[in-house]
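Chemist: Quick note on the working numbering: the sequence shown kicks off at 1 and runs consecutively.
For glycine and all other residues, C-beta sits at the position ideal for the given N, C-alpha and C.
Note that the structure is a prediction, hence the values are computed from the model and not measured.
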Amino acid sequence: MTEIFKSPTIRGLSKYIPGVAESKYIPLEPAEKREYYPLSSLQKRFYILNQMKGVGTSYNLANVMTVEGMLRRSCLEEAFQLLSHRHESLRTSFELREGEVVQRIRPAAAIDFSVEFQEKYESELFSEEEIQQIIKAFIKPFDLSQPPLLRVKLVKLSYQEHLLFFDMHHIISDGTSMGILVRDLVSFYQGKKISLLRLQYKDFCQWQNSCEGQALIKQQEDYWLDLFKGEIPQLALFTDYKRPAVQSFAGEAIYFSLEKEIKEKIDRLKRETGATLYMILLAVYNILLSKYSGQEDIVVGTPIAGRQHTDFEDIIGLFINALAMRNFPGAEKTFLQFLKEVRENTLQAFQNQQYPFGRLLEKLGQMKEVSRNPLFDVELVVQNMETPEVRLEGLRLAPYESYASQISQVDVALYAAESEPGDTIHANMLYCSALFKRETIERFIASFKEILSAVLENRNLRLKDIHIVHDFAEVESSAYQDESVDFDF
Numbered sequence: 001m002t003e004i005f006k007s008p009t010i011r012g013l014s015k016y017i018p019g020v021a022e023s024k025y026i027p028l029e030p031a032e033k034r035e036y037y038p039l040s041s042l043q044k045r046f047y048i049l050n051q052m053k054g055v056g057t058s059y060n061l062a063n064v065m066t067v068e069g070m071l072r073r074s075c076l077e078e079a080f081q082l083l084s085h086r087h088e089s090l091r092t093s094f095e096l097r098e099g100e101v102v103q104r105i106r107p108a109a110a111i112d113f114s115v116e117f118q119e120k121y122e123s124e125l126f127s128e129e130e131i132q133q134i135i136k137a138f139i140k141p142f143d144l145s146q147p148p149l150l151r152v153k154l155v156k157l158s159y160q161e162h163l164l165f166f167d168m169h170h171i172i173s174d175g176t177s178m179g180i181l182v183r184d185l186v187s188f189y190q191g192k193k194i195s196l197l198r199l200q201y202k203d204f205c206q207w208q209n210s211c212e213g214q215a216l217i218k219q220q221e222d223y224w225l226d227l228f229k230g231e232i233p234q235l236a237l238f239t240d241y242k243r244p245a246v247q248s249f250a251g252e253a254i255y256f257s258l259e260k261e262i263k264e265k266i267d268r269l270k271r272e273t274g275a276t277l278y279m280i281l282l283a284v285y286n287i288l289l290s291k292y293s294g295q296e297d298i299v300v301g302t303p304i305a306g307r308q309h310t311d312f313e314d315i316i317g318l319f320i321n322a323l324a325m326r327n328f329p330g331a332e333k334t335f336l337q338f339l340k341e342v343r344e345n346t347l348q349a350f351q352n353q354q355y356p357f358g359r360l361l362e363k364l365g366q367m368k369e370v371s372r373n374p375l376f377d378v379e380l381v382v383q384n385m386e387t388p389e390v391r392l393e394g395l396r397l398a399p400y401e402s403y404a405s406q407i408s409q410v411d412v413a414l415y416a417a418e419s420e421p422g423d424t425i426h427a428n429m430l431y432c433s434a435l436f437k438r439e440t441i442e443r444f445i446a447s448f449k450e451i452l453s454a455v456l457e458n459r460n461l462r463l464k465d466i467h468i469v470h471d472f473a474e475v476e477s478s479a480y481q482d483e484s485v486d487f488d489f
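#1: Thinking just about the alpha-carbon of each residue, which of Glu88, Ile262, Ser114 is nearest to the one in Gln103?
#2: Among residues of its own chain, excluding the 5 on either side of Glu259, which ones have a beta-carbon nearer than 8 Å to its beta-carbon?
#3: Using beta-carbon positions only, say whether Phe188 and Leu82 come within less than 7 Å of one another.
#4: Given this structure, state the Cα-to-Cα distance separating Met65 from Tyr292, to the nearest angstrom.
#5: For Asn286, tell me which candidate among Arg438, Met70, Pro329, Tyr223 has the shortest Cα-Cα distance.
#6: Starting from Ile48, trace the alpha helix (DSSP H) in both directions and tell me its first and last residue.
#7: Closer than 8 Å is the cut-off here; do at least three beta carbon pairs connect the stretch 248-267 with the stretch 320-340?
#8: Hey, which unbroken runs of the alpha helix (DSSP H) at 4 residues or more fall wholly within the stretch 268-316?
#9: Would the stretch 209-227 and the stretch 102-116 be scored as touching if the rule is three or more Cβ pairs under 8 Å?
#10: Taking the alpha-carbon positions, what's the Ile232 to Tyr223 distance?
#11: Quick one: using the 10 Å Cβ neighbour count with 16 as the cut-off for buried, is Gly358 buried or exposed?
#12: Below 8 Å, how does it come out for the stretch 50-67 and the stretch 337-351: are there three or more Cβ pairs, yes or no?
#13: Just mark Tyr255 as buried or exposed, buried being the case when its beta carbon has 16 or more other beta carbons within 10 Å.
#14: Taking DSSP as the reference, what is the three-state secondary structure of Ser93?
#15: What is the DSSP secondary structure of Tyr223, counted as helix, strand or coil?
#16: Helix, strand or coil for Tyr201, going by three-state DSSP, please let me know.
#17: Which residues share a DSSP beta bridge with Pro399?
#18: Nearest-angstrom Cα distance between Ala331 and Lys464?
#19: Could you tell me which whole beta strand (DSSP E) segments of length 3 or greater appear in the stretch 228-270?
#20: Going by DSSP, which residues form a beta bridge with Leu318?
#21: Name, in chain order, the residues that DSSP records as bridge partners for Thr334.
#22: Taking only three categories from DSSP, how would you classify Tyr415?
#23: Got a sec, what are the start and stop residues for the beta strand (DSSP E) Leu28 sits in?
#24: Nearest to Val55 by alpha carbon, out of His426, Ala427, Ser408?
#25: So what does DSSP say about Asn345, is it helix, strand or coil?
#26: Note down the Cα distance separating Ala21 from Gln308, rounded to an integer number of angstroms.
#27: Leaving out five residues on either side along the sequence, give the residues of the same chain with a beta carbon under 6 Å from the beta carbon of Leu395.
#28: Check for me: the beta strand (DSSP E) holding Ser158 runs from which residue to which?
#29: Have a look at Phe228 and Thr440 and give me their C-alpha separation to the nearest angstrom.
#30: Which class does Val102 belong to by DSSP, given the choice of helix, strand or coil?
#31: Tell me, to the nearest whole angstrom, how far the beta carbon of Leu235 is from that of Val378; I am working on the premise that it is less than 8 Å.
#32: Curious, which full-length beta strand (DSSP E) runs of at least 3 residues does the stretch 414-450 contain?
#33: My assumption, with CB atoms under 8 Å, is that Glu380 sits in contact with Ser40. Please give the rounded CB distance.
#34: Please classify Gly99 as buried or exposed, where buried requires at least 16 neighbouring CB atoms within 10 angstroms.
#35: Tell me where the beta strand (DSSP E) around Glu116 begins and ends.
#36: Out of curiosity, what's the CA-to-CA distance linking Thr276 and Gln133?
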């Protein structure tokens, strides 16, 4: 499942950040029961985005899993019903009250959760084309005022093989939540007892809107406003097609791997510099973007899990946040010098990771852009590879390999994950197909590998001396130039 991962978190970097490892557990109090509750900062942004024309299913989180074995439909339906009882987010709707967007949580008894079922006559089988058509028809826009904002479908392929479809709106969920959903679903299906949740997502919203939460946000605000003071850079990647007036979310992905020899060199660099895999890939990604744009001021987005408090680890909800990582790959710097800068900038950003990205956009006046993602056009996500399948008595659940998300919320996103036992790095580049041709991204990947190999071979190489087959001059002469970008080299 492409969304079941934990993005780089403060926990993963805690050993590098003074004071973080010693932080003490401070219990949070549940919110008082009421009819309506405030939204989190990111929920407010998603609500606004959902009202935009043409957004469609761009903020749906969808997945498809294969289920092999003797599946008991009645147990599955009961498990989903129990799941909606456990997680208030699955019973939440959103509406306007006196000019303010609020969320409303329905009682568990008011939600009759059903699983749509589809099958063919016993002698017939679904073709791959038919399955893809079913997936396409299944994923559709949600009405945020009508819970549940999760729909499920079960398609019977044969006597002992099914496809299980999930479609959930991002306003109530994130990638980590998808993993929690599957884990709890399996437990309920098996008839296991799960300990009650002390807090729910509304309690996170209350904390974020409280004086304590706002004080922490205000404390971290200075770092981000200082980082983006002055002129904010806009990445000038040349595209194959003219950028649409309204952002397109049409996406495709290309998968690739970094072989064992490269992985071993990366591990050596990590040991000798104190950098993480994320920091090394971020440095190389910055150099790549600089080579293709001719710019030395680059902003790369990074999603983070946003679950610093242990009470929120098992809750389905929208905790994810985004960090805008700004770095300066100057031509005269050596790779080692630049990596040290990236490492320091990363640690500072993660120390201030609880500042809501939506609030930063408001402060910087970046909310009005409709043709592209605000503040950054590219992302880097380094994942912790988890077991891709779930086994229980008589059943096996695994990702449906023929399903891939066709939504790209930025121009280009690089995903990377270490395999188990850890001798390979699997990666993919998700790109906006309304801007780039597949062959352009294939060249992009080839250039990324060239740069990575070069700096692993000689970490004292100056950035200006890193040569790739397709440089800025070649791309400039053959691709579409964004007229909104003012080039000054």
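Modeler: Reading off the structure:
#1: Numbered from its first residue, the sequence shown carries residue 103 at position 103. Minimum Cα-Cα distance from Gln103 among the listed residues Glu88, Ile262, Ser114 corresponds to Glu88.
#2: As a first step, residue 259 is located in the sequence shown; it is residue number 259 there, counting from the start. So the list reads Thr424, once near-sequence residues are dropped.
#3: For the purposes of this step, residue 188 is identified with residue 188 of the sequence shown, where counting begins at 1. For the purposes of this step, residue 82 is identified with residue 82 of the sequence shown, where counting begins at 1. Contact: yes.
#4: Here residue 65 refers to the residue found at position 65 when the sequence shown is read from its first residue. Here residue 292 refers to the residue found at position 292 when the sequence shown is read from its first residue. Taking the straight line from one Cα to the other gives about 38 Å.
#5: Against the sequence shown, residue 286 aligns to sequence position 286. Minimum Cα distance to Asn286 is reached at Pro329.
#6: Against the sequence shown, residue 48 aligns to sequence position 48. That run of the alpha helix (DSSP H) goes 41-50.
#7: Here the stretch 248-267 makes no contact with the stretch 320-340; the two share fewer than three CB pairs at distances below 8 Å.
#8: You should have 277-293.
#9: The stretch 209-227 makes no contact with the stretch 102-116: fewer than 3 CB pairs, one atom from each, lie closer than 8 Å.
#10: In the sequence shown, the residue the question calls residue 232 occupies position 232. In the sequence shown, the residue the question calls residue 223 occupies position 223. Distance between the alpha carbons of Ile232 and Tyr223 is about 15 Å.
#11: The sequence position of residue 358 within the sequence shown is 358, counting from 1. So Gly358 ends up on the buried side.
#12: no
#13: Locating residue 255 in the sequence shown gives position 255, where the first residue counts as 1. Exposed, because fewer than 16 other Cβ atoms sit within 10 Å of the Cβ of Tyr255.
#14: For the purposes of this step, residue 93 is identified with residue 93 of the sequence shown, where counting begins at 1. Residue state, collapsed to three classes: strand.
#15: As a position in the sequence shown, residue 223 is number 223, starting the count at 1. Three-state result, Tyr223: helix.
#16: Sequence index remark: in the sequence shown, residue 201 carries index 201 (1-based). The answer is helix: DSSP assigns Tyr201 an H, G or I state.
#17: By 1-based counting over the sequence shown, the position of residue 399 is 399. DSSP output for Pro399 lists Met65 as bridge partner(s).
#18: Start at 1 with the first residue of the sequence shown, and residue 331 comes out as number 331. Start at 1 with the first residue of the sequence shown, and residue 464 comes out as number 464. For Ala331 and Lys464, the distance between alpha carbons rounds to 5 Å.
#19: 251-258
#20: The residue labelled residue 318 in the question sits at position 318 within the sequence shown. In the DSSP output, where bridge partners are listed per residue, Leu318 has none listed.
#21: Taking the first residue of the sequence shown as 1, we reach residue 334 at position 334. Paired residue(s): Arg462.
#22: As a position in the sequence shown, residue 415 is number 415, starting the count at 1. Here Tyr415 sits in strand by DSSP.
#23: Within the sequence shown, the letter at position 28 stands for residue 28. No beta strand (DSSP E) contains Leu28, which DSSP labels as neither H nor E.
#24: Locating residue 55 in the sequence shown gives position 55, counting from the first residue. Nearest of His426, Ala427, Ser408 to Val55, Cα basis: Ser408.
#25: Here residue 345 corresponds to residue number 345 of the sequence shown, with the count starting at 1. If DSSP states are grouped into helix, strand and coil, Asn345 belongs with the helices.
#26: Translated into the one-based positions of the sequence shown, residue 21 becomes position 21. Translated into the one-based positions of the sequence shown, residue 308 becomes position 308. Low per-residue confidence applies at Ala21: pLDDT is 42, beneath 50, and the placement is therefore not dependable, though the value from the model is reported in the following sentence. Each residue's Cα considered, the two are about 12 Å apart.
#27: Position 395 of the sequence shown, counting from 1, holds the residue named residue 395. Hits under 6 Å: Gly69.
#28: Here residue 158 refers to the residue found at position 158 when the sequence shown is read from its first residue. 150-158 is the span of the beta strand (DSSP E), which, as asked, contains Ser158.
#29: Position 228 of the sequence shown, counting from 1, holds the residue named residue 228. Position 440 of the sequence shown, counting from 1, holds the residue named residue 440. Answer to the nearest angstrom: the Cα atoms are 30 Å apart.
#30: Here the question's residue 102 lines up with position 102 in the sequence shown. Strand at Val102.
#31: Counting from one through the sequence shown, the residue named residue 235 turns up at place 235. Counting from one through the sequence shown, the residue named residue 378 turns up at place 378. Confirmed, Cβ separation roughly 6 Å.
#32: 425-432
#33: As a position in the sequence shown, residue 380 is number 380, starting the count at 1. As a position in the sequence shown, residue 40 is number 40, starting the count at 1. Residue identity check: residue 380 is Leu in the sequence provided, not Glu. Contact doesn't hold; Cβ gap of about 24 Å is too wide.
#34: Residue 99 sits at position 99 when you count from the first residue of the sequence shown. Exposed: under 16 other Cβ atoms inside 10 Å.
#35: Indexing the sequence shown from 1 puts residue 116 at position 116. Segment 116-118, the beta strand (DSSP E) holding Glu116.
#36: Residue 276 sits at position 276 when you count from the first residue of the sequence shown. Residue 133 sits at position 133 when you count from the first residue of the sequence shown. Rounded to whole angstroms, Thr276 to Gln133 spans 41 Å at the Cα level.
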